[in-house]
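According to our numbering, the sequence shown is numbered sequentially starting from 86.
Note that the Cβ used here is the ideal one computed from N, Cα and C, for glycine as well.
Everything below concerns the one structure shown next.
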Amino acid sequence: PWICLYISFVLLRCHNWYIVASFIAYLTWMVFFQTFSRRGGLKQQWLRRLKWWTWFAQYFPIHLHKTCELPPDRPYLFGCHPHGIISLGAFCNFATEATGFEEKFPGINLRLLTLKANFRIPFYGLYLSMLGICDASKESCNYILEKSAGNSIILVLGGAKESLDARPSNEYILTLKNRKGFVK
86 PWICLYISFV LLRCHNWYIV ASFIAYLTWM VFFQTFSRRG GLKQQWLRRL KWWTWFAQYF
146 PIHLHKTCEL PPDRPYLFGC HPHGIISLGA FCNFATEATG FEEKFPGINL RLLTLKANFR
206 IPFYGLYLSM LGICDASKES CNYILEKSAG NSIILVLGGA KESLDARPSN EYILTLKNRK
266 GFVK
């Protein structure tokens with residue numbers, strides 16, 4: 086996101102008025118008309134299958150273990166825990182094809198959900214949408230789950246509070262046990 090903000094700053098400081106006008110038009114569209122984040126994203130398989138995601142999964146190492154069959158004739162709401170600082174495990178497993186989600190669960194069209202604020206950063210929100218990531222609003226959840234059978238969502242439980250409690254130690258502070266809501 087910082088690179089996207091830097092590019093935005095440079096574009097606004099540019100002396101070519103065509104570039105500045107184009108960027109302002111993009112910002113206007115992004116703020117007032119962009120609905121990808123609430124309407125299932127712009128999932129681009131070529132971006133999700135890039136080789137660097139496999140290297141990313143191997144470096145950390147991140148794995149996806151299948152424990153049961155999931156019939157693709159119904160929608161699913163998955164919860165992923167722990168949240169961690171920036172949810173790299175959830176991102177790698179469910180926003181990319183680095184660990185083979187589509188091979189392991191054919192017919193399940195999964196969308197990872199994140200904060201709505203992430204889609205307000207110029208270019209970054211579009212990038213997230215192209216990975217199939219959507220905002221975690223009620224409107225977005227309902228739209229995805231009701232669209233067709235096999236459409237599913239995954240929420241990373243714990244939220245910002247739990248990510249702030251993440252520390253490199255053996256002690257884990259579980260925010261989830263104090264939460265109220267539909268996932269407890």
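Original post:
Do you know whose CA, among L155, A142, K151, H166, lies nearest G235's CA?
Top reply: L155
Subject >> For T175, the nearest candidate out of Y209, R159, L197, G125 (CA to CA) >> reply: In the sequence as presented, Thr is not what sits at residue 175; that position holds Ala. Of Y209, R159, L197, G125, the residue nearest in Cα terms is L197.
Original post:
For L112, which option in L97, R123, R124, S122 has the closest C-alpha, if you only look at C-alpha atoms?
Top reply: L97
**OP:** Run through the segment 142-203 for me and flag every whole alpha helix (DSSP H) of 4 or more residues, listed as ranges in chain order.
**Re:** 173-179, 186-189
Subject >> As assigned by DSSP and simplified to three states, the class of L240 >> reply: Three-state DSSP puts L240 in a strand.
Original post:
Should I229 and I218 be called a contact, given that it needs their Cβ atoms to be closer than 7 Å?
Top reply: no
**OP:** Could you tell me whether the segment 204-214 touches the segment 113-131, using the rule of 3 or more Cβ pairs below 8 Å?
**Re:** Judged by Cβ distances under 8 Å, the segment 204-214 makes contact with the segment 113-131, as three or more pairs qualify.
Original post:
Is the Cβ-Cβ distance between T139 and A183 less than 7 Å?
Top reply: yes
**OP:** Could you say if the segment 165-173 and the segment 247-257 meet the contact criterion of at least three C-beta pairs nearer than 8 Å?
**Re:** Yes, since at least three Cβ pairs between the segment 165-173 and the segment 247-257 fall closer than 8 Å, the two stretches touch.
**OP:** Look at the alpha carbon of N263 and the alpha carbon of C99, and state the distance between them as a whole number of angstroms.
**Re:** 49 Å
**OP:** May I ask you to report which of helix, strand or coil DSSP gives C99?
**Re:** Here C99 sits in coil by DSSP.
Subject >> Nearest neighbour of Q129, chosen from F145, T181, M115 [CA to CA] >> reply: T181
Original post:
Got a sec? Which residues, its chain only, sit under 7 Å from F186 by beta carbon, not counting five neighbours each side?
Top reply: L149, N178, F179, L195
**OP:** Select from Q143, L240, L173, F190 the residue whose C-alpha is nearest the C-alpha of C153.
**Re:** F190
Original post:
Where do the N-terminal and C-terminal ends of the alpha helix (DSSP H) with R133 fall, by residue?
Top reply: 130-133
Original post:
So, L162 versus M215, is the Cβ gap smaller than 7 Å?
Top reply: No.
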